[in-house]
Amino acid sequence: MGLKFDVTVVGAGPAGLTAAQQLASKGFKVLVIERGKKPGSKNVFGGRIYAHVLDKLYPEYVKEAPVERWVRRERITMMTEDSWTTLDFETTKVEHRSFTAYLTNFVEWLDKKAESAGAVVVSEVPVDKLIIKDGKVVGVRAGNDEIYSDVTIIAEGINRLVLERSGLAPKLSPELVALGVKEVIKLSREEINERFNLDDDEGMAWVLAGYPTHYLPGGAFIYTNKEAITLGIVLYLSYGYQLDIPINELIEEFRLHPMIKRIVKGGQLLEYSAHLTPVAGVNASPPSLYGDGYLVTGDAAGFLLHLGIIIRGVDFAMESGRLAAEAVVKAHDSGKYDKESLSIYGKLLEESFVLRELKTFRNAHKVLIEPRLYSDYVRMINTMLKRYFEVDGTPRKLGSTLLETKGNLTLLDLAKDAIRVVMNL
Amino acid sequence: MSLERKIPIEERLNTNAWDVDQRPHIRIIDPDQCRKCDKKPCLYLCPARCYTPGPDGTVLFSHEGCLECGTCRIVCPENNIEWNYPKSGFGVQYRFG
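From first to last, the protein sequence lines stand for chains A and B. The first sequence runs 1 to 425 under my numbering. The second sequence runs 426 to 522 under my numbering.
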């Protein structure tokens, strides 16, 4: 390829394709390079997209996007071997706030948007590294090919090999990521509606903690799609070393928990997938989000908000892609793509929800990595309620039942952890 | 395939679409390092069980079922894994990602 483009985008995911569509629609010559057979074939996520970014970018999405179900029910469960305690939120209002989807389909849809705006998307090409001349990124190398462009947008995902090999990011460490393992299970529409108490287009998003990860930091999720559910576990890799069974069996034990088993009964496994996810927010960002001739977006930039119960990746990725495009347009107007001109990207990120939210929750990670949340508290609440409901003629007040069942936790632990959670999440 | 039991990992991987390259994209750099490693987190943290115990405390690697998550690269305490993405679109082809 001896071609020259205005902009090269590494990775055809939510961030890269959004940047590409925005720039192509403004007349830039954009090349997107994707390692998979087609855009979407290497993407995996939990299962839900928050729609607010789509309102701005593609207002027609309500009719067009590959939505599975609109989330109307939210469940949070603390689970032990033999019991669970659930907070179940439901609204009768149909608010188009978030929907379940397959990321593969969603990325294919974003690809159509980018291509119809004029971006060139080349698949089956893993980018090896950036071409850096006199400290400036001038293009990318993929095998024997060199592609030159004025500016490169790096949207390569969580395994940021290109950044690492180019000396622009340190190697990812276990503290910054969690491993998600997912099973997609086919069930009929009627079975899903009945088992989750939903109507045809209504969906449920469910997070569970405790037993699913054998009480290590992390959790499980279940999302309802039209005719399948996605079920998975997520484990903070810094605690991976403490796992007592192989992770590939951990997800099986979760699916076989007596209370989950009846939900997936009669289902059929469609796919088994795994992917890393950033969990440390801005603490996982590369040292610089932009530099001479390049910008970093999406998971590669650590742009995923992980609050334990709410996990948002796609909206952060797309917004960062949109802002990267805006920064490139501004830099183009100034006639330079050096670090100074591209620093507008940092400013745009600061003004947007991307860095405003990630910085607000800068310490969420430190709270969520506390193992007590996934072990002692999960056990305590279940033991306490079990005892409370076990009527046997002994007078039991809630307070004394709590004191009786708090196990190793001290009242000081309870107070400290409650404050940390309330202050940081 | 009944979901009422633990499904062996091979069976689960078989439900996926694949286009496996003959050439492995991941390589254990120095088998001696594995011999000295007592934790061997690759053995239980690889979700596809690509890593299995070999003779004399070594670790055997097979790239065929690799889900390309990148976990092994990050958890290997010896930095003993040369990790690449498969070339030319090869590897797992997610349909329900």
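Don't be surprised by glycine CBs; every beta carbon is placed ideally from N, CA and C. Every value quoted in this text rests on a predicted model; they were computed, and no experiment measured them.
- P472/B is positioned such that its CB atom lies closer than 7 Å to that of N248/A.
- Boundaries of the beta strand (DSSP E) harbouring Q268/A: 268 to 278, taken from the DSSP string.
- Contact check between the region 1 to 18 of chain A and the region 147 to 163 of chain A: three or more CB pairs, one atom from each, fall below 8 Å, which counts as touching.
- In summary, L355/A is buried, with 16 or more beta-carbon neighbours lying within 10 Å of its beta-carbon over all protein chains present.
- Chain A places a beta carbon closer than 7 Å to that of R474/B, counting this residue as a contact.
- Residue-level contact check: N505/B does not touch chain A, since none of the beta carbons of chain A fall below 7 Å from its beta carbon.
- Taking a cut-off of 8 Å on C-beta distances, the region 249 to 263 of chain A does not touch the region 318 to 325 of chain A, as fewer than three cross pairs fall below it.
- Residue contact with chain B for Y223/A: absent (no Cβ-Cβ distance below 7 Å to any residue of chain B).
- By the neighbour-count criterion, in which 16 or more other beta carbons inside 10 Å mark a residue as buried, R69/A falls on the buried side.
- Of the candidates K359/A, I251/A, Q268/A, L385/A, the residue whose Cα lies closest to the Cα of F221/A is I251/A.
- Against chain B, the beta carbon of H275/A has neighbours under 7 Å at C494, listed in chain order.
- Any Cβ of chain B closer than 7 Å to the Cβ of I192/A would place that residue at the interface, and such an atom is absent.
- The beta carbon of A65/A sits closer than 6 Å to the beta carbons of W109 from its chain, once the five residues preceding and following it are set aside; these are given in chain order.
- Any Cβ of chain A closer than 7 Å to the Cβ of F486/B would place that residue at the interface, and such an atom is absent.
- Annotated as proximal: D244/A and H214/A, with beta-carbon spacing under 7 Å.
- Residues of the region 451 to 466 of chain B with a Cβ closer than 9 Å to any Cβ of chain A, in chain order: K464, P466.
- A Cβ-Cβ distance of about 4 Å is found for the pair Q268/A and K186/A, placing them in contact under the 8 Å criterion.
- Cβ neighbours of D88/A within its own chain (closer than 6 Å, five residues either side excluded): R75.
- In the structure shown, K182/A falls within a strand segment according to DSSP collapsed to helix, strand and coil.
- Pairwise C-beta distances place the region 403 to 413 of chain A in contact with the region 362 to 381 of chain A, as three or more of them are shorter than 8 Å.
- Shown here, E124/A sits in coil according to DSSP, grouped into three states, outside any helix or strand.
- The beta carbon of G482/B sits no closer than 7 Å to any beta carbon of chain A.
- In terms of CA proximity to V137/A, K339/A leads the group D417/A, A364/A, K339/A.
- Residue environment: V107/A is assigned as buried (16 or more neighbouring CB atoms within 10 Å of its CB, all protein chains considered).
- Within the region 155 to 238 of chain A, the alpha helix (DSSP H) runs of at least 4 residues that lie entirely inside it are, in chain order, 161 to 165, 189 to 196.
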